[in-house]
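*Asks:*
Residue numbers (the numbering used here): 423 to 531.
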């Protein structure tokens, strides 16, 4: 009789353990899915950002220092490969945009 009294407690414990394990798997799967990115797009974003702020770029005074007076569409297009969707923003203000870029973002502070 005593063993039968513990049966509901065992059922509830198994339900809790199963639910917790299921939720953990769902959360882990979501984390892995969001971490998968296209490495090619990320590499392109980094390369374009490096070109924009390179020491020999037509947009910079010296490495990592943009000259605002040189920041125009023609200068940006000379640095960015054709067909690349891009948005250049300085202090949150978009100064150049080609297409509707989404995906990887390269930030230089």
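For every residue, glycine included, the Cβ atom is placed at its ideal position computed from N, Cα and C.
If you're wondering where the values come from, they're calculated on a predicted model, not measured in any experiment.
1) Which of helix, strand or coil does DSSP assign to residue 475?
2) Tell me which same chain residues have a C-beta within less than 6 Å of the C-beta of residue 486, skipping the five on either side of it?
3) Pairing CB atoms from the region 461-476 with CB atoms from the region 487-506, are three or more of them under 8 Å?
4) For residue 488, name the three-state secondary structure that DSSP assigns.
5) Quick one: grab the DSSP three-state call for residue 440.
6) Are the beta-carbon atoms belonging to residue 511 and residue 502 less than 8 Å from one another?
7) Kindly indicate which residue of 524, 506, 490 and 521 has the alpha-carbon position closest to the one of residue 513.
8) Taking the alpha helix (DSSP H) that residue 498 belongs to, which residues open and close that run?
*Replies:* The structure says:
1) Collapsing the DSSP output to three states places residue 475 in coil.
2) Excluding residues within five positions, the ones whose Cβ falls inside 6 Å are 475.
3) Look at the beta carbons and you see the region 461-476 touching the region 487-506: at least three pairs across the two are nearer than 8 Å.
4) Correct three-state label for residue 488: strand.
5) The answer is helix: DSSP assigns residue 440 an H, G or I state.
6) No, the Cβ-Cβ distance between residue 511 and residue 502 is not below 8 Å.
7) The alpha carbon of residue 513 has as its nearest neighbour, out of 524, 506, 490 and 521, the alpha carbon of 490.
8) Here the alpha helix (DSSP H) through residue 498 covers 495-501.
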